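Read through the structure below, which is laid out as C-alpha cells, and then see the notes.
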Amino acid sequence: MKQLTLIGFMGSGKSTTGQMLSKELGIPLLELDQMIEKEAKMSIPDIFEIKGEAYFRELETIILTKTLNSRGVIATGGGILTNRKNVEQLKSTRNVIYLKGKVSTLIERIKNDSVNKRPLADTSTELEITKRLENRVNRYEEVADIIIEIENKSISEITSEIMNQLEEMK
Numbered sequence: 640m641k642q643l644t645l646i647g648f649m650g651s652g653k654s655t656t657g658q659m660l661s662k663e664l665g666i667p668l669l670e671l672d673q674m675i676e677k678e679a680k681m682s683i684p685d686i687f688e689i690k691g692e693a694y695f696r697e698l699e700t701i702i703l704t705k706t707l708n709s710r711g712v713i714a715t716g717g718g719i720l721t722n723r724k725n726v727e728q729l730k731s732t733r734n735v736i737y738l739k740g741k742v743s744t745l746i747e748r749i750k751n752d753s754v755n756k757r758p759l760a761d762t763s764t765e766l767e768i769t770k771r772l773e774n775r776v777n778r779y780e781e782v783a784d785i786i787i788e789i790e791n792k793s794i795s796e797i798t799s800e801i802m803n804q805l806e807e808m809k
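Residue numbers for the sequence shown follow the numbering used here, beginning at 640 and rising by one.
Structure follows, in C-alpha cells:
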C-alpha cells in the first residue's frame, strides 16, 4: 500500500492510530501538524497566536498538497476539511479513513490530553466544540472511503478494523 489518510475531529486518535498503522504497513507516518510546525518554524499554538488561523489553514493546504504525492500514513488535523480545496483533494485520493467518535467522547479526550495543545479547543466551550464537530461531520463523511466508529475500542482494535477494511477493498 502506498498511502492512506486519517481524518476526524480533534481527539479521535488520528496520530496514535497513524503510528500503529505506519508500523503495521511498513510505511512512514506523515503527521501534518508536525510538518506545519517544521515549515513555520514554530508551534501550532504560536502559529495561531502570532499569525492567525487563516495563515495556519493556508499552510495546512500547502503541506497537504505536497504530502498527497508521498508514500505513507497521513495523519491530518481535525480542521483539514474546513478548506474546500482540501475536501476536493482528499476526495480524489483513495484510502481516506474517518475516525468517527461521539462528541462526548471527543470532548473528554480533548480535555484529558496533556500532550497536545489545541488552540481552538483550549479557547472553546463544550457547546462551541459540539457545533464545530456538527459543522464538519458531513465533510468527513463525504470524503471518507472507510468510516471507523472509535467508541469503546482500543487503538489496536481500531487498527485491526482498518486493516480488515483495506483488505476487503482490494
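Glycine included, every Cβ here is placed at the ideal spot set by N, Cα and C.
Please read these numbers as outputs of a predicted model, since none were measured by experiment.
Once you ignore the five residues that flank Asn725 on each side, which residues in its own chain have a CB closer than 7 Å to its CB?
Within the sequence shown, the letter at position 86 stands for residue 725. The answer, listed in chain order, is Thr700, Leu703 and Ile719.
Could you give the first and the last residue of the continuous beta strand (DSSP E) run that contains Glu670?
What you label residue 670 is simply residue 31 of the sequence shown in a count that begins at 1. Leu668 to Glu670 is the extent of the beta strand (DSSP E) around Glu670.
How about Gly652 and Leu772: are their beta carbons less than 7 Å apart?
Residue 652 sits at position 13 when you count from the first residue of the sequence shown. Residue 772 sits at position 133 when you count from the first residue of the sequence shown. No; because the gap between Cβ atoms is not below 7 Å, this pair is not in contact.
Kindly provide the ranges of any beta strand (DSSP E) runs that are 3 or more residues long and lie completely inside the segment 642-669, ordered along the chain.
642-646
Can you tell me whether DSSP reads Leu720 as helix, strand or coil?
Counting from 1 along the sequence shown, the entry for residue 720 is found at position 81. Leu720: helix per DSSP, three-state reduction.
Lys809 (DSSP reduced to helix, strand or coil):
Counting from 1 along the sequence shown, the entry for residue 809 is found at position 170. Reduced to three states, the DSSP call for Lys809 is coil.
Kindly list the residues whose CB is nearer than 6 Å to the CB of Leu729, restricted to its own chain and excluding five residues on each side of it in sequence; keep chain order.
Residue 729 sits at position 90 when you count from the first residue of the sequence shown. Result list for Leu729: Val735 and Val782, in chain order.
Taking the Cβ atom as the reference point for each residue, do Gln658 and Arg710 lie within a distance shorter than 7 Å?
Here the question's residue 658 lines up with position 19 in the sequence shown. Here the question's residue 710 lines up with position 71 in the sequence shown. Not in contact: Gln658 and Arg710 (Cβ atoms no closer than 7 Å).
So, are the CB atoms of Ile686 and Phe695 less than 7 Å apart?
As a first step, residue 686 must be located in the sequence shown, where it is residue number 47. As a first step, residue 695 must be located in the sequence shown, where it is residue number 56. Yes, these two residues count as a Cβ contact at 7 Å.
Measuring CB to CB, does Gly740 end up less than 7 Å from Asp672?
Position 101 of the sequence shown, counted from the first residue, corresponds to residue 740. Position 33 of the sequence shown, counted from the first residue, corresponds to residue 672. Not in contact: Gly740 and Asp672 (Cβ atoms no closer than 7 Å).
When you compare the CB positions of Thr721 and Leu669, do they come within less than 7 Å of one another, or not?
Taking the sequence shown and counting its residues from 1, one reaches residue 721 at position 82. Taking the sequence shown and counting its residues from 1, one reaches residue 669 at position 30. The answer is no: Cβ separation not under 7 Å.
Simplified DSSP state of Glu790, which is helix, strand or coil:
Position 151 of the sequence shown holds residue 790. Of the three classes helix, strand and coil, the one that applies to Glu790 here is coil, per DSSP.
Taking its Cβ as the centre, do 16 or more other Cβ atoms sit within 10 Å of Thr764, making it buried, or is it exposed?
For the purposes of this step, residue 764 is taken as residue 125 along the sequence shown, with counting starting at 1. Thr764 is exposed by the Cβ-count criterion.
Span separating the alpha-carbon of Ser661 from that of Ile713
As a working note, residue 661 is residue 22 in the sequence shown. As a working note, residue 713 is residue 74 in the sequence shown. Their Cα atoms are separated by approximately 9 Å.
Beta carbon of Ile787 nearer than 7 Å to that of Ile797
Locating residue 787 in the sequence shown gives position 148, where the first residue counts as 1. Locating residue 797 in the sequence shown gives position 158, where the first residue counts as 1. Yes. Within cutoff.
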